[in-house]
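Colleague: My questions will all concern the structure given below.
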Amino acid sequence: MMNAKIFFGSTEATKEKLSERRSPFNAKVVSTAPICDAEDAKKALKIAEQAAKEAKNSTLSQRCNWLLDVAKKLREQKEDIAQTITDEVAKPITFARVEVERCIETITLSAETMRTIHGETINTDAMPSGRKTTAFFSRVPVGVVVAITPFNFPLNLVAHKLAPALVAGNAVVLKPTPEAPLTAYKFAKLFIESEYAIKDALSVVYGDAEVGGALVSSDIPRVVSFTGSVPVGNIITKSAGIKKVSLELGGNAATFVERSADLDLAAQKCALGAFVNSGQVCISLQRIYVDSAIYDEFAQKMAEQTKKLVVGSPYDDATFMGPLIDEEAVERASRWIQSAIDEGAKPLTELKTEKNIFYPCVMADVRDDMAIVCEEVFAPIVSLVKVEDFDDALPRMNNSPYGLQFSVFTNDLKLTRRAIDELEAGGIVINDMPTLRFDIQPYGGVKLSGVGREGPKFAIEEMTEIKSVVIC
């Protein structure tokens, strides 16, 4: 077992009091981390404030080489990092390896994107009140970025904040999820030990509300980038003060399956989208609105696809779905199911739990007024709702406080255009699951699903300021 350590800039540190991280699968202690407090957060911010000056003056070539060096080292350590992810959050090892690969791509994309980020010249004589000057704008680093990350993608979602922030010339203080401190520590160590590293530009502290509160409310950071729950997002918004806040919050992803769709494809994709990572994804498919003409056929296919999924040990290469993050998550999922059954819904798959493993569940005969479709479930549960057509499905899909990603399965071009125009979400997917995300894309939501966008190009824009220049 390895201990995660604090990074006060490039200097490692630890504390007497340590927290233990136990595997959600077998309850073994898999890592420890120092228990930080508000003073540790303030110390890290002070270091970052000084380091931001050097980061701003560093060359772009150094910063790009820094990221590419980390990507190279990450590839060399792929299996070790993947095993650490599986140890700490019980992500099936096959998907942990995929996450490492995606992380490498996210870092690489960030370096490649930054090379082509640029300002532009402005025609100041475009209006009669203007006159000829040399005018332009450029993008400059914001200074200090605070990054707060969740457990469900404990490596790649860290990369989506660190890589754009650092390559743009900022200093960063990272507070990773308490569920995966060692994953974050090993990743941060690659940055800090690189030959291209900017001294003290990255700090890592651990903790919950006290540490997070100190980071967010400080006047030092110019950007707070947070991925997590709506309640915490609300707290951050209220306590951040005047600074840029980027929030990737909850979702209640929905899809519509129309009668012209390929039902085998739709069922296969929907099963993947609903149950990958045990449903612990912000864009996990939760609501499926099905055209009444094909409802029974689709429901049967959906149940069949779900029963094929391999559930079990996250250390087995064949496992598709492992345990939920903790016992509380299992109890919460069980309550969702019981509540839906009490309200008249019917499970199409066996209701089964083993310790922290909650087997995938397809619920039929679900109505829009049931709690199971109104809130984010964050568990391997998907609900089927019968509708007459897209006109019936559209207001139901949009009737949610969330708007992260939606999808539609159809071979009707007119319907496709309507879905793109009329669905209220940050992302629309046609003929695949709403859980589909390519790291190069802009990613983020509307309504309570958040503010701002991730994806290397778009995160770099969030983590830089526009400086306008006029030479008369």
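The opening residue of the sequence shown carries number 2 in the working numbering; numbering runs sequentially from there. The C-beta atom is built at its ideal place from N, Cα and C for all residues, glycine as well.
#1: Using 8 Å for Cβ pairs, my map puts P222 next to L46. What's the rounded Cβ distance?
#2: In whole angstroms, give me the CA-to-CA distance for I338 and L414.
#3: Determine the DSSP secondary structure at I284, reduced to helix, strand or coil.
#4: Run the CB neighbour count on S293, radius 10 Å, all protein chains shown included, and call it buried at 16 or more, exposed below.
#5: If you pair each beta-carbon of the segment 227-246 with each one of the segment 259-278, do three or more pairs fall below 8 Å?
#6: On the CB-based measure, 16 or more other CB atoms within 10 Å of its CB, does H479 come out buried or exposed?
#7: Is the beta carbon of C283 less than 8 Å from the beta carbon of G252?
#8: So what does Y290 bridge to, in DSSP terms?
#9: Cutting at 6 Å between CB atoms, please list the residues of its own chain near K458, excluding the five before and the five after it.
#10: Skipping 5 residues on each side, what residues in its chain have a beta carbon closer than 7 Å to that of V101?
#11: Look at the alpha carbon of D392 and the alpha carbon of Q442, and state the distance between them as a whole number of angstroms.
#12: What ranges does the beta strand (DSSP E) occupy inside the segment 321-352, keeping only unbroken runs of at least 3 residues that lie completely in it?
#13: Whose C-alpha, out of T107, E377, N27, V141, is nearest the C-alpha of S285?
#14: When the Cα of I373 is compared with those of L395, N66, R288, A127, which residue comes out closest?
#15: If contacts are defined as beta-carbon pairs under 8 Å, then N357 and F26 qualify, I think. What distance do you get, rounded to the angstrom?
#16: Consult DSSP for K43 and reduce its assignment to one of helix, strand or coil.
#17: If you draw a straight line from the C-alpha of G170 to the C-alpha of V141, how long is it?
#18: State the start and end residues of the unbroken beta strand (DSSP E) segment that holds T33.
#19: May I have the straight-line CA-CA distance separating T256 from A460, to the nearest angstrom?
#20: Secondary structure at E376, three-state DSSP: helix, strand or coil?
#21: Looking at C-beta atoms only, is the number of pairs between the segment 178-187 and the segment 144-152 that lie closer than 8 Å three or more?
#22: Using only the alpha-carbon positions, how far apart do S219 and A49 sit?
#23: Would you call the segment 354-369 and the segment 56-66 touching, i.e. three or more CB-CB distances under 8 Å?
#24: CB-CB under 6 Å to E231, same chain, minus the five flanking residues each way: which ones, in chain order?
#25: Among E121, T135, I36, V71, which one has its Cα closest to the Cα of I467?
#26: Mapping the DSSP letters down to three states, classify M3 as helix, strand or coil.
#27: Under the DSSP definition of a beta bridge, which residues are partnered with K468?
#28: For G242, does the count of other Cβ atoms within 10 angstroms reach 16, so buried, or fall short, so exposed?
#29: Does any CB atom of chain C fall closer than 8 Å to the CB of Q63?
#30: Would you mind reading off the limits of the alpha helix (DSSP H) that contains E89?
#31: Enumerate in chain order the residues of its own chain whose CB-to-CB distance from K57 is below 7 Å, with the five nearest sequence positions on each side excluded.
#32: Contact defined as beta carbons within less than 8 Å: I believe L325 pairs with I295. What is the distance between those atoms, to the nearest angstrom?
#33: Buried or exposed: which applies to P182, given that a residue is buried once 16 or more other Cβ atoms fall within 10 Å of its Cβ?
#34: Cutting at 8 Å between CB atoms, please list the residues of its own chain near L68, excluding the five before and the five after it.
#35: A49 by DSSP, collapsed to three states: which one?
#36: Spatial neighbours of L273 within its chain, please: CB distance less than 7 Å, with the 5 preceding and 5 following residues excluded, ordered by chain position.
Modeller: For this structure:
#1: Numbered from its first residue, the sequence shown carries residue 222 at position 221. Numbered from its first residue, the sequence shown carries residue 46 at position 45. With 8 Å as the limit, P222 and L46 qualify as a contact, their Cβ atoms being about 7 Å apart.
#2: Sequence index remark: in the sequence shown, residue 338 carries index 337 (1-based). Sequence index remark: in the sequence shown, residue 414 carries index 413 (1-based). I338 and L414: Cα-Cα distance of roughly 36 Å.
#3: Sequence index remark: in the sequence shown, residue 284 carries index 283 (1-based). Note: I284 maps to coil in three-state DSSP.
#4: By one-based count along the sequence shown, residue 293 stands at place 292. With fewer than 16 other Cβ atoms inside 10 Å of its own Cβ, S293 counts as exposed.
#5: When Cβ pairs closer than 8 Å are counted between the two stretches, the segment 227-246 is seen not to touch the segment 259-278, the count staying below three.
#6: Since the displayed the chain opens at 2 and closes at 473, residue 479 lies outside it and no answer follows.
#7: Residue 283 sits at position 282 when you count from the first residue of the sequence shown. Residue 252 sits at position 251 when you count from the first residue of the sequence shown. Yes, the pair counts as a contact, with Cβ atoms nearer than the cut-off.
#8: Locating residue 290 in the sequence shown gives position 289, where the first residue counts as 1. According to DSSP, Y290 shares a beta bridge with F257, V386.
#9: In the sequence shown, residue 458 corresponds to position 457, counting from 1. Excluding five sequence positions before and after K458, the CB atoms of its chain that fall closer than 6 Å to its own CB belong to T114, given in chain order.
#10: Counting from 1 along the sequence shown, the entry for residue 101 is found at position 100. Only residues of its own chain outside the window of five on either side were considered, and among them L75, K79, I82, A83, L156 have a CB closer than 7 Å to the CB of V101, listed in chain order.
#11: Locating residue 392 in the sequence shown gives position 391, counting from the first residue. Locating residue 442 in the sequence shown gives position 441, counting from the first residue. Straight-line spacing of the CA atoms in D392 and Q442 works out to 29 Å.
#12: Those beta strand (DSSP E) runs which fall completely within the segment 321-352 and span 3+ residues do not exist here.
#13: Position 284 of the sequence shown, counted from the start, is the residue given in the question as residue 285. With distances taken between Cα atoms, S285 lies closest to E377.
#14: As a first step, residue 373 must be located in the sequence shown, where it is residue number 372. For the set L395, N66, R288, A127, the Cα lying nearest the Cα of I373 is the one of R288.
#15: Position 356 of the sequence shown holds residue 357. Position 25 of the sequence shown holds residue 26. Correct: roughly 7 Å between the Cβ atoms.
#16: Here residue 43 corresponds to residue number 42 of the sequence shown, with the count starting at 1. Note: K43 maps to helix in three-state DSSP.
#17: As a first step, residue 170 must be located in the sequence shown, where it is residue number 169. As a first step, residue 141 must be located in the sequence shown, where it is residue number 140. If you draw a straight line from the Cα of G170 to the Cα of V141, it is about 8 Å long.
#18: Here residue 33 refers to the residue found at position 32 of the sequence shown. Looking at the DSSP string, the run of the beta strand (DSSP E) that includes T33 is 30-35.
#19: Here residue 256 is taken as the residue at index 255 of the sequence shown, counted from 1. Here residue 460 is taken as the residue at index 459 of the sequence shown, counted from 1. Each residue's alpha carbon lies about 27 Å from the other.
#20: For the purposes of this step, residue 376 is taken as the residue at position 375 of the sequence shown. Looking at E376 - three-state DSSP - the assignment turns out to be coil, as it is neither helix nor strand.
#21: With contact defined as three or more Cβ pairs closer than 8 Å, the segment 178-187 and the segment 144-152 are in contact.
#22: By one-based count along the sequence shown, residue 219 stands at place 218. By one-based count along the sequence shown, residue 49 stands at place 48. Cα to Cα, the separation comes out at about 12 Å.
#23: Not touching, per the Cβ criterion.
#24: The count along the sequence shown starts at 1 and reaches residue 231 at position 230. Before going on, a small fix: residue 231 reads as Val here, not Glu. Once the five neighbours on either side are set aside, the close Cβ partners of V231 are L250, G251, L449.
#25: Numbered from its first residue, the sequence shown carries residue 467 at position 466. A check of alpha carbon separations from I467 across E121, T135, I36, V71 identifies E121 as the nearest.
#26: On the sequence shown, position 2 is the one that residue 3 refers to. Of the three classes helix, strand and coil, the one that applies to M3 here is strand, per DSSP.
#27: As a first step, residue 468 is located in the sequence shown; it is residue number 467 there, counting from the start. Under DSSP, K468 forms a beta bridge with S139.
#28: Looking up residue 242 in the sequence shown gives position 241. Classification of G242: exposed, given that the 10 Å Cβ count is below 16.
#29: In the structure shown, chain C cannot be found, because there is only a single protein chain.
#30: Mapped onto the sequence shown, residue 89 falls at position 88. If you look at E89, you'll find it in the alpha helix (DSSP H) that goes 79-90.
#31: If you number the sequence shown from 1, residue 57 lands on position 56. Contacts found: P142, G170.
#32: To locate residue 325, count along the sequence shown from 1; it is residue 324. To locate residue 295, count along the sequence shown from 1; it is residue 294. Approximately 32 Å separates the beta-carbon atoms of L325 and I295; this is outside 8 Å, ruling out the contact.
#33: Residue numbering aside, residue 182 sits at position 181 when the sequence shown is read from its first letter. Flag for P182 reads buried.
#34: Along the sequence shown, read from residue 1 onward, the residue named residue 68 stands at position 67. Sequence-distant partners of L68 (beyond 5 residues in either direction) whose C-beta falls short of 8 Å from its own C-beta, in its chain, are I108, T109, S111, A112, A164, L167, V168.
#35: Taking the sequence shown and counting its residues from 1, the one referred to as residue 49 is at position 48. Three-state result, A49: helix.
#36: Here residue 273 refers to the residue found at position 272 of the sequence shown. Residues M434 of the same chain have their beta carbon placed closer than 7 Å to that of L273, with the five preceding and five following residues left out of the count.
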